[in-house]
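Taken in order, these protein sequences are the chains called A, B and C. Going left to right, the first sequence walks through residues 455 to 756 as the working numbering numbers them. Going left to right, the second sequence walks through residues 13 to 347 as the working numbering numbers them. Going left to right, the third sequence walks through residues 250 to 816 as the working numbering numbers them. Idealized CB from N, CA, C, for every residue including glycine.
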Amino acid sequence: MTDTSAAPKPSSPLRDVWAQFRSHKGAMFGLITLSVLIIAVLIGPYLWVPEKLSVAQAIKLKNQGPSLRFPLGTDQLGRDMLARMLLAGRISLAVGLVAMGIAIVFGTLIGVLAGYFRRLDGPLMRLTDMFLALPLVPLLLVMVMLFRDRIAGIIGPEMGAFTLIVFAIGITSWMATARIVRGEVLTLKEREYVLAARSIGARPNRIILRHILPNVISPVMVAATLGVAEAIITESVLSFLGLGFPPDFPTWGRLLYDGLQYMQVYPERVVWPGVAISLTVLSVNYIGDGLRDALDPRIRGR
Amino acid sequence: MLTFTLRRLLLAIPILLVISLVIFLLVDLAPGSPMSEIPLTVPPDVRQKMIEALGADQPVFVRYLLWLKQFFWVEPMTLVDGWFGTDFTAGEQRILSWQSRSPVFTIIGQRIPQTLTVVGTAYLVGVLIAVPIGIYSAYRQYSFFDQAGTLFAMIGFSVPTFFSGTLFIIIFAVWLGWFPTKYDTTLEVTDWATFWEQVRQMALPVMTLGLANAAAISRYMRSSMLDNMAMDYVRTARAKGMSERVVVLRHVLRNSLIPVGTVIALGIPSIFGGAIITENLFGVNGIGAALIGAIHANDIPMVQTLAFIFAVLIVLFNLIADIIYGLLDPRIRYD
Amino acid sequence: MKFKTALLGAAAAFVLAPAAYAERGTDGEVKLTFPQAVSIMNPYLSGGTKDIYASSMVLEPLAGLTPDGVLVPKLVTEIPTKENGGISEDMTSITWKLLPDLKWSDGTPVTADDAVFTWQYCTDPAGGCSQATKYEGITSVEAVDPATIKVTFSGPKANPYTAFVSALAPVLQKKQFEACLGAAAPTCTDPNNMPVGTGPFMVTGFTVNDTVSMAANPNYRDPAKPAFATAVIKGGGDAEGSARVVMETGEFDYAWNTQIPPETQASMAAAGKGQFVVAFGTLVERIEMNTTDPSPDLPEGERATAKHPHPILSDIKVRTALSKAIDRSILVEVGYGAGGKPTCNVIPGPADWASDNDGCLTQDMEGAKALLDEAGWTDTDGDGIRDKDGKPLNILYQTTVNPIRQDFQALVKDWWTELGVNVELKAIDPGVFFGGDPGSPDTFQKFYADVEMYANNSESPDPESYLGQYQCKNAPSPETQWQGENINRFCTPEYDALYATLATTTDIAARQEIAKKLNDMVTKDSMIVIPLVHRGTLSAHSNALGGVQINAWDSELWNVADWFRVK
């Protein structure tokens with residue numbers, strides 16, 4: 455986003471941003487937590503391989519509390535919760551981040567276009583209205599019915615499910631971002647500096663990239679944080695409706711949902727996935743906070 | 013402003029027609045049949061007869077046109093008949109739910125009050141909690157209060173309502189025994205005792221929904237306040253010697269409310285849409301519970317009518333949000 | 250109003266205090282909760298169990314069934330039999346005698362005309378009656394006199410107790426439904442929601458998919474019943490929530506269908522406010538085998554049809570091995586606890602009808618492996634998956650979305666993996682799976698998978714119509730728009746021939762023998778169906794509610810008139 459080639463000196467904007475970001479305690483906490491989570495779910499399943507137990511053996515070990523053998527306990531079928539949490543995290547984090555990314559990019563694009571170009575405002579906002587108005591569940595059912603087998607035929611059932619879910623969540627959650635960004639752009643483009651840029655003949659794409667986008671970053675960041683949580687939760691709802699991953703693929707949302715009926719007897723079963731989702735959301739939020747401060751030239755250097 | 017509003021309202025008609033067609037095709041295309049709840053012991057030929065009796069075997073466009081006629085002519089006229097005792101609609105069929113064979117609008121009429129009281133209250137509670145938290149968090153950025161508020165908000169929207177609702181039931185109903193968990197829709201508020209009963213039964217669903225609403229709105233409020241706190245006009249206002257109170261509440265707040273106003277206005281249709289999971293969990297017979305029930309039962313007339321009413325509300329509130337922009341920020345012009 | 254009734258009730262109780270038994274309306278309100286809300290109170294237009302149970306408090310059949318599956322008179326003086334002359338010698342007609350002085354809740358007399366009308370109502374081709382099978386094979390229903398109903402069949406009827414028997418086929422009031430015949434049936438909103446009945450309660454308020462409010466029927470035939478003055482059925486939520494409001498918070502007296510994990514059942518029962526009750530009917534959770542090839546490589550229209558036999562499952566050795574590898578007792582322990590029993594039969598009860606087939610109850614992993622070896626499926630490339638002619642032993646195993654079924658899938662997958670089978674799992678939204686939409690690839694009839702799991706049952710103790718499912722002609726195919734109950738596409742002339750004799754056999758012992766043989770033909774002889782668990786329906790009632798007798802053969806609320814408040 456920032457033009458690095460223009461300033462190859464020690465005080466490049468990128469470096470400034472990073473310096474400011476680093477001084478933000480919350481942001482660093484978020485970055486470290488998120489990295490730890492990502493690394494854990496990426497390499498964890500290779501380091502923590504649960505014992506191979508037969509069904510009869512495993513059933514005897516069901517619903518155990520945390521112990522050395524099972525650090526997070528076992529579930530109602532005697533499966534190791536830590537191993538399941540790690541596997542689940544892979545899918546949940548990937549779905550959350552990618553779907554949020556799609557929603558944010560798409561939403562910001564639509565929002566900026568609608569807000570900046572008056573000609574596009576009407577059609578794009580009516581499109582947004584339409585997507586907001588569509589009932590989500592039938593839409594997802596139709597998408598799954600039409601595309602699941604075809605996508606699964608090309609890239610296999612798991613990747614197929616992933617692509618479909620990420621796409622489905624992305625396509626149904628960009629509208630709020632679009633509305634909010636458009637609102638911001640509407641006010642921004644009447645600001646003096648934008649008028650000034652326009653009066654010296656700057657092209658729209660330059661105005662948008664240099665002057666408008668950096669200033670809508672903060673509502674977008676909030677939407678992004680909300681988006682990660684929502685995507686992870688939406689995935690669990692999709693699995694609940696049978697539209698998600700094959701049933702033997704755990705995700706945090708599904709573990710949370712499955713644990714629900716055992717909440718009174720074995721509360722830790724909902725605590726682990728709940729904490730994992732909250733930590734992810736919290737760290738994305740702090741990173742967003744830090745980024746916002748770091749990208750704001752008025753705060754930077756203060 | 014007036015011409016703008018009128019033009020948008022007129023434009024809304026063809027758009028809504030298109031939306032209604034898209035919804036109809038979508039709902040129709042979705043797999044499933046109104047017979048999915050019938051036990052397997054009912055044989056296929058009987059099922060086929062039942063489908064025919066519902067009219068569900070008609071071609072999709074016939075059903076769509078019939079629905080249009082029922083929605084825009086029969087139903088309003090039924091209302092007129094009800095008011096003036098006329099009989100415009102004698103012999104005309106109203107929109108009937110496939111699942112219950114009751115007129116869809118009767119069901120909606122039964123359910124709107126519950127949704128508005130429960131979900132509406134929760135929204136109001138959410139906004140009333142969120143706005144002050146957002147303002148104060150931004151004003152004292154990175155203070156203990158701000159950190160606590162952030163944590164509260166993060167937890168608020170990272171736990172889904174199916175989780176927080178069940179948690180509240182276990183804590184407040186099972187362990188403490190303070191509140192009932194099933195919403196009694198036959199309760200009529202006539203005196204203080206029944207009013208108190210109503211408050212008690214609303215407590216858990218309002219808490220569950222209010223938490224989720226407050227969490228999201230407080231984040232938007234805080235971030236918007238932060239943006240404006242750094243503006244030059246704030247510095248100017250302070251330099252002029254205005255009191256902090258005036259600076260924050262008059263200048264910053266007013267400008268910060270623009271994006272937050274959008275978020276709040278855009279959330280209002282969702283009040284009418286109800287809260288699917290929460291309503292289901294607590295047995296509040298609102299619109300959300302009706303919609304998900306109808307989707308599960310493949311009750312196309314019900315889904316279609318609810319989704320369309322929802323679309324109308326969304327279009328309407330988007331317009332209202334645009335008007336709010338114009339009123340709050342005189343620099344935005346629509347003409 | 251409610252308060253006043255309660256007050257009156259209390260006053261009445263006070264006056265009659267010495268009486269040992271309850272008077273009508275003295276016990277206040279009974280509150281029931283269903284996880285699925287009641288949509289309509291007319292069972293002929295619904296078919297959903299929730300609606301049938303709710304309407305059974307208001308509408309009554311001529312005869313019902315007890316928890317043992319025995320007929321019990323409701324609106325009639327006695328059960329017609331050959332001995333008492335109620336059934337003609339040639340079994341072509343049955344004559345019911347109404348109780349004297351029987352009244353509808355609006356005070357008008359019940360006559361044979363009402364029964365005749367009910368028959369016309371349900372058999373009208375434009376009406377879409379969901380219980381039409383109950384009236385199948387009937388040529389006429391006549392009112393011989395105002396108290397005598399004669400049902401004539403087109404031929405000898407082995408089981409004449411279908412029409413007007415059980416909560417599925419109650420008698421409607423002619424006066425109320427007269428204008429609702431045929432195409433007008435769905436538009437009669439008020440009668441459908443607030444039917445006039447003969448049952449212990451009458452509807453006073455109805456909100457669709459939410460609450461049914463009822464009051465004691467002032468004209469109920471037993472003046473001492475029901476003990477409760479009012480009743481409420483609140484619907485919605487989930488099984489767990491329903492169980493909780495009875496077992497833990499005590500807000501409700503009775504919860505129907507509280508299917509929750511055994512651990513949670515135990516912890517809820519420990520609260521001491523209520524108890525779980527279970528009734529075993531014929532509901533069997535089973536894995537069905539596809540005998541046709543569901544491969545997506547086949548063109549649509551040929552996929553999963555009899556044209557292409559299944560490349561793996563056509564071999565009975567493979568099917569037997571898959572069954573042997575399963576330990577059914579673990580499935581019961583994990584999924585149902587006291588609410589289930591391991592079974593090898595599709596007809597697990599009543600005892601007189603159930604086959605003694607129990608060969609599948611012990612798991613035999615080694616035997617299963619040996620069978621696969623014998624069938625030519627061996628692991629030649631050492632990847633842990635058996636193969637034959639270069640093709641791996643892959644199985645796609647589908648079911649509906651349901652926590653217990655997902656646990657079963659996980660367990661069965663583990664066992665089959667141990668066997669050397671590569672299992673892919675799939676869970677489908679029940680609305681789609683059972684919806685039968687020919688446009689969807691995911692319906693259970695289309696069966697685009699190798700095996701699938703769900704539960705099915707016979708709705709009456711006599712399983713004739715249930716066993717009819719496995720006839721050749723009932724196989725779903727593109728020609729039948731994918732409708733049909735024989736989802737395995739199982740087809741043998743022996744089965745069809747034996748089934749034909751069942752339909753004409755009238756001797757009860759002979760019928761039971763045939764039913765057992767038919768049961769064995771689809772289970773142990775062919776392994777087309779692998780029964781897993783005989784499931785009960787689990788309900789909960791509070792300790793303050795007395796008189797509950799759970800029933801799997803009729804409405805669970807069949808004796809609601811006898812319920813009372815434990816003081």
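**OP:** Closer than 7 Å by C-beta to residue 618 (chain C): which residues in its own chain qualify, once you throw out the five before and the five after it? Chain order, please.
**Re:** 668
Subject >> Residue-chain proximity (residue 680 (chain A), chain B), Cβ-Cβ < 7 Å >> reply: With a threshold of 7 Å between beta carbons, residue 680 (chain A) makes contact with chain B.
**OP:** Could you tell me the distance, in whole angstroms, from the CA atom of residue 546 (chain C) to the CA atom of residue 643 (chain C)?
**Re:** 15 Å
Original post:
Hey, how far is the Cα of residue 543 (chain C) from the Cα of residue 591 (chain A)?
Top reply: 28 Å
Subject >> Heavy atom of the ligand COA within 6 Å of residue 671 (chain C) beta-carbon >> reply: Summarising the ligand content, the structure contains no ligands, and the ligand COA is consequently not present.
**OP:** Under the assumption that residue 732 (chain A) contacts residue 219 (chain B) (Cβ atoms under 8 Å), give the Cβ distance between them as a whole number of angstroms.
**Re:** Wrong, their Cβ atoms sit about 19 Å apart, outside the cutoff.
Subject >> Collapsed DSSP secondary structure at residue 522 (chain C) in the structure displayed >> reply: coil
**OP:** Run through the region 570 to 607 of chain C for me and flag every whole alpha helix (DSSP H) of 4 or more residues, listed as ranges in chain order.
**Re:** 577 to 584
Original post:
Quick one: is residue 406 (chain C) buried, meaning 16 or more other Cβ sit within 10 Å of its Cβ, or exposed?
Top reply: buried
Original post:
In chain B, what lies closer than 8 Å to residue 381 (chain C) by C-beta?
Top reply: 58, 61
**OP:** Note down the Cα distance separating residue 516 (chain C) from residue 390 (chain C), rounded to an integer number of angstroms.
**Re:** 52 Å
**OP:** Compare the beta carbon distance of residue 740 (chain A) and residue 550 (chain A) with 7 Å and say whether it is the shorter of the two.
**Re:** no
Subject >> DSSP three-state assignment for residue 463 (chain C), whether helix, strand or coil >> reply: strand
Subject >> Spatially closest choice to residue 610 (chain C) from C:622, C:581, C:637, by CA coordinates >> reply: Of the candidates C:622, C:581, C:637, the one whose C-alpha sits nearest the C-alpha of residue 610 (chain C) is C:581.
**OP:** Quick one: list the residues of chain A neighbouring residue 231 (chain B), beta-carbon separation under 9 Å, in chain order.
**Re:** 676, 679, 680, 739
Original post:
Taking buried to mean at least 16 other C-beta atoms within 10 Å of its own C-beta, is residue 36 (chain B) buried or exposed?
Top reply: buried
Original post:
Tell me which same chain residues have a C-beta within less than 7 Å of the C-beta of residue 193 (chain B), skipping the five on either side of it?
Top reply: 181, 185, 216, 294
Original post:
Going by the CB atoms, is the gap between residue 326 (chain B) and residue 586 (chain A) shorter than 7 Å?
Top reply: Cβ atoms of residue 586 (chain A) and residue 326 (chain B): closer than 7 Å.
Subject >> Distance, residue 751 (chain C) Cα to residue 798 (chain C) Cα >> reply: 32 Å
**OP:** Taking a Cβ distance cut-off of 7 Å, strictly less, list which residues of the region 36 to 57 of chain B are near chain C, in chain order.
**Re:** 43, 44, 45, 47, 48, 49, 50, 51, 52, 53, 54, 55, 56
**OP:** Give the DSSP bridge partners of residue 773 (chain C), in chain order.
**Re:** DSSP, once it has assigned bridges, lists no residue as partnering residue 773 (chain C).
**OP:** Would you mind working out which of B:115, B:154, B:150, B:264 sits nearest residue 439 (chain C), comparing C-alpha positions?
**Re:** B:115
Original post:
Going by Cα to Cα distance, which pick from B:87, B:92, B:127 is closest to residue 108 (chain B)?
Top reply: B:87
Original post:
Cα-Cα, which of C:304, C:382, C:536 is closest to residue 780 (chain C)?
Top reply: C:536
**OP:** Determine, using beta carbons only, whether residue 818 (chain C) and residue 469 (chain C) come nearer to each other than 7 Å.
**Re:** The structure shown does not extend to residue 818 (chain C), since chain C is modelled only from 250 through 816, so no value can be given for it.
Original post:
On the three-state DSSP scale, how would you describe residue 693 (chain C)?
Top reply: coil
Subject >> Residues that residue 265 (chain B) contacts on chain C, provided the C-beta gap is smaller than 9 Å >> reply: Ordered by position in chain C, no residue passes the 9 Å Cβ test against residue 265 (chain B), which lies about 41 Å from the chain.
**OP:** State the CB to CB distance for the pair residue 785 (chain C) and residue 588 (chain C), rounded to an integer number of angstroms; the pair is presumed to be in contact (CB under 8 Å).
**Re:** 5 Å
Subject >> chain B contact residues for residue 717 (chain A), given Cβ-Cβ distances below 9 Å >> reply: 175, 178, 179, 182
Original post:
Listed from N- to C-terminal order along the chain, which residues in the region 244 to 272 of chain B have their beta-carbon within a distance smaller than 7 Å of any beta-carbon of chain A?
Top reply: 270, 271
**OP:** Could you tell me the distance, in whole angstroms, from the CA atom of residue 550 (chain C) to the CA atom of residue 662 (chain A)?
**Re:** Cα to Cα, the separation comes out at about 54 Å.
Original post:
Can you tell which of C:310, C:571, C:755, C:558 has the C-alpha that lies nearest to the C-alpha of residue 772 (chain C)?
Top reply: C:571
Original post:
Which value, in whole angstroms, describes the spacing of the CA atoms of residue 693 (chain A) and residue 718 (chain C)?
Top reply: 32 Å
Subject >> Under 9 Å from the C-beta of residue 111 (chain B): neighbouring residues of chain C >> reply: 288, 289, 295, 297, 457, 458
Subject >> Where residue 740 (chain A) sits in the DSSP three-state scheme >> reply: helix
Original post:
For the region 224 to 243 of chain B against the region 256 to 275 of chain B, are there 3 or more C-beta pairs whose distance is under 8 Å?
Top reply: yes
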